[in-house]
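Just below is one structure, and these are the notes that go with it.
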Amino acid sequence: MKHASPLTLAALAVAGLASAPAMALEVYNNKGWTLDISGSVNAFYTTSKTEQSSRSSQIENGLLPGYFNITAATQQRGWDIKGVIGIWPGLDSDSPALSSATAGVGKSTVDARTNYLSFGKPNVGTFKFGRDVGLFQSNAILNDMTLIGVGGGGGQARNINTTLGGIGAGYIYAEFQPQITYTTPKFNGFSATIGAYDNKDVNGAGKTGRNVGYQGQALYEFKNNTLSGKAWLGFVNQKFNLIRSNNATGFEFGAKMDIGNLGLMAEGFTGKGIGDTILFSGGTDALGQNRRSDGYLLQATYKFDDLKVGLSHGESRTKRTGSEGSGYANRVVGTTLGGYYSLTDNLTLVGEVNRRTNKVTNRDTDGVSLGAILFF
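Heads up: the sequence shown is residues 1349 to 1724, going by the working numbering.
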């Protein structure tokens, strides 16, 4: 069996497909049911320095925490049925979720990110009910080379057991969200997904959505003897009440192509009220007016046998509203140079250098990371 690349394994995990044959360990097979487990563990030494501050270093997770997924699957009356439960533990013991009574004894937190069921038929499509990664901007993070590394944010987001990768400097975090979705069958490489998503916290004001939000995506995948890839278009919409009634809407677009050992990816987003780092966060001003935001990520990788090297560059920005004046409320540019060495089929050694520049405060943050990530 051909082994999947480390980035593919990570993308499968984030997409809730970590029980795919490329990586799952079957632990039970009886009476038409299979039970598979899959997981990942990583740790990185990171060091970073922001202008006018001292250099810091730490041992932490990368863009991915650890994870452990259990998948039960069967086929009944022609329906492919699956249930997935996943827990995502991290390394850090400084989480604000820990009480003062336990924070000093080195305990970490566990995030129950995945919890869903799905059922479908090849000629009908697939229905999903539960909690899984969101649709809007999911292809951006799934194809980010730093998904198996650190990217930006090393040492800055320890208490949530993850760094930022290209989040906030090229794309918005898709997040794991309660959802009900439907994906069409594939037709000559084309498919589409539409879903309803639980309303979200807006600017820390609690669940202010009027009703559920909606996300959708059209996807085209292709493959021949010389190249493979995909292209996508997507949207997100959520009505909410903060100070005033608002309608946040965003659009995304992107493409990824592999030509032999060369990999290329470009994606972007634009919208109003959607923010530029965490979905909807920072998307409005103090008066509740929508801010406009956009961003892009460009990436190129090349594989030399077991070593893959890559360069990514992105930017995310949110404009001030008329009430706030001209210019940007937030604008961050990020660049990462990375090397990813497959020591074995399941174990990858990672080294990256990253720079993030906040164009509003005119401060650079430089980071270096070295670590390892294991999939099983």
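Note that beta-carbon positions come from the ideal geometry of N, C-alpha and C, so glycine has one too.
The model shown is predicted, which means the values in this text are computed figures rather than measured ones.
For P1533 and A1517, I'd like the C-alpha separation in whole angstroms.
As a position in the sequence shown, residue 1533 is number 185, starting the count at 1. As a position in the sequence shown, residue 1517 is number 169, starting the count at 1. Note on geometry: alpha-carbon atoms of P1533 and A1517 lie some 33 Å from one another.
First and last residue of the alpha helix (DSSP H) that includes N1487?
In the sequence shown, residue 1487 corresponds to position 139, counting from 1. From DSSP, the alpha helix (DSSP H) with N1487 extends over S1486 to L1490.
Quick check: I1721 and V1698, are their CB atoms within less than 8 Å of each other?
Along the sequence shown, read from residue 1 onward, the residue named residue 1721 stands at position 373. Along the sequence shown, read from residue 1 onward, the residue named residue 1698 stands at position 350. Going by C-beta atoms, I1721 is nearer than 8 Å to V1698.
Taking the beta carbon of R1592 as the centre, do at least 16 other beta carbons fall within 10 Å, making it buried, or is it exposed?
The sequence position of residue 1592 within the sequence shown is 244, counting from 1. Counting C-beta atoms within 10 angstroms of its own C-beta, R1592 has fewer than 16 neighbours from the protein chains shown and is therefore classed as exposed.
When you compare the CB positions of D1624 and S1641, do they come within less than 8 Å of one another, or not?
Counted from its first residue, the sequence shown places residue 1624 at position 276. Counted from its first residue, the sequence shown places residue 1641 at position 293. Their beta carbons are under 8 Å apart, which means D1624 touches S1641 by this criterion.
Which residues mark the beginning and the end of the beta strand (DSSP E) in which Q1637 is found?
Reading the sequence shown from its first residue, position 289 is the one you call residue 1637. The continuous stretches of beta strand (DSSP E) do not include Q1637, and DSSP gives it neither H nor E.
If L1645 sits next to A1488, beta carbons under 8 Å apart, how far is it from one beta carbon to the other, in whole angstroms?
Working through the sequence shown from its first residue, we reach residue 1645 at position 297. Working through the sequence shown from its first residue, we reach residue 1488 at position 140. Yes, L1645 and A1488 are in contact; Cβ-Cβ is about 6 Å, under 8 Å.
Which runs of the beta strand (DSSP E), 3 residues or longer, sit entirely within the segment 1390-1421?
Counting only runs of 3 or more, we get 1404-1408.
Quick one, which of A1372, Y1415 and G1514 has its alpha-carbon nearest V1389's?
Here residue 1389 refers to the residue found at position 41 when the sequence shown is read from its first residue. The option with the nearest alpha carbon to V1389 is Y1415.
Does the segment 1582-1590 touch the segment 1557-1574, meaning 3 or more C-beta pairs lie closer than 8 Å?
yes
In terms of alpha-carbon separation, which member of G1636, N1377, G1434 and V1681 lies closest to F1524?
Taking the first residue of the sequence shown as 1, we reach residue 1524 at position 176. Looking at the Cα atoms, G1434 is the closest of the given residues.
Grouping DSSP H, G and I as helix and E and B as strand, with all else coil, what is L1446?
Taking the first residue of the sequence shown as position 1, residue 1446 is located at position 98. With a pLDDT of 49 at L1446, under the threshold of 50, the modelled position of that residue is not reliable, and no figure is offered here.
Verify whether the separation of the beta carbon atoms of F1588 and F1599 is less than 8 Å.
Translated into positions along the sequence shown, residue 1588 becomes position 240. Translated into positions along the sequence shown, residue 1599 becomes position 251. It is not a contact, given that the beta carbons lie outside the stated cut-off.
Please classify L1495: does DSSP put it in a helix, a strand, or coil?
Position 147 of the sequence shown, counting from 1, holds the residue named residue 1495. Helix.
If D1693 sits next to T1669, beta carbons under 8 Å apart, how far is it from one beta carbon to the other, in whole angstroms?
Along the sequence shown, read from residue 1 onward, the residue named residue 1693 stands at position 345. Along the sequence shown, read from residue 1 onward, the residue named residue 1669 stands at position 321. Contact between D1693 and T1669 is absent: CB atoms are separated by about 51 Å, not below the 8 Å threshold.
Could you check the C-alpha separation between I1307 and E1374 for me, to the nearest Å?
A question about residue 1307 goes unanswered here, because the residues of the chain that appear run from 1349 up to 1724.
Figure out for me which residue from K1651, G1482 and G1662 has the closest Cα to the Cα of G1513.
The residue you call residue 1513 lines up with position 165 of the sequence shown. Here the closest residue by C-alpha is G1662.
May I ask whether a heavy atom of the ligand ATP can be found less than 7 Å away from the beta carbon of L1411?
Judged by which ligands are present, the structure shown has none, so any question about the ligand ATP falls away.
Can you grab the Cα-Cα spacing for the pair I1622 / A1596, in whole Å?
As a working mapping, residue 1622 is identified with position 274 in the sequence shown. As a working mapping, residue 1596 is identified with position 248 in the sequence shown. So the two alpha carbons sit approximately 6 Å from each other.
Would E1408 and G1503 be called neighbours here (beta carbons separated by less than 8 Å)?
Here residue 1408 refers to the residue found at position 60 of the sequence shown. Here residue 1503 refers to the residue found at position 155 of the sequence shown. It is a contact, given that the beta carbons lie within the stated cut-off.
Going by C-alpha distance, which of K1651, G1602, Q1586 and V1657 is nearest G1631?
Working through the sequence shown from its first residue, we reach residue 1631 at position 283. That would be Q1586, whose Cα lies nearest to the Cα of G1631.
Specify the secondary structure class of I1508 as computed by DSSP and reduced to three states.
The residue you call residue 1508 lines up with position 160 of the sequence shown. Here I1508 sits in helix by DSSP.
Please name the residue in A1677, S1664, S1671 and S1717 whose C-alpha comes closest to that of I1520.
Taking the first residue of the sequence shown as 1, we reach residue 1520 at position 172. Comparing Cα positions, the closest option is S1664.
Please go through the same chain and pick out, in chain order, the residues whose beta-carbon is closer than 7 Å to the beta-carbon of S1447, but skip the five residues on each side of it.
Along the sequence shown, read from residue 1 onward, the residue named residue 1447 stands at position 99. Residue confidence is low: S1447 scores 48 on pLDDT, short of 50, so the model does not pin down where it sits. No coordinate-derived value is stated.
Residue range of the beta strand (DSSP E) that T1666 falls in?
Counting from one through the sequence shown, the residue named residue 1666 turns up at place 318. First-last of the beta strand (DSSP E) with T1666: L1655 to K1667.
Mapping DSSP to helix, strand and coil, what is P1470?
Indexing the sequence shown from 1 puts residue 1470 at position 122. Note: P1470 maps to coil in three-state DSSP.
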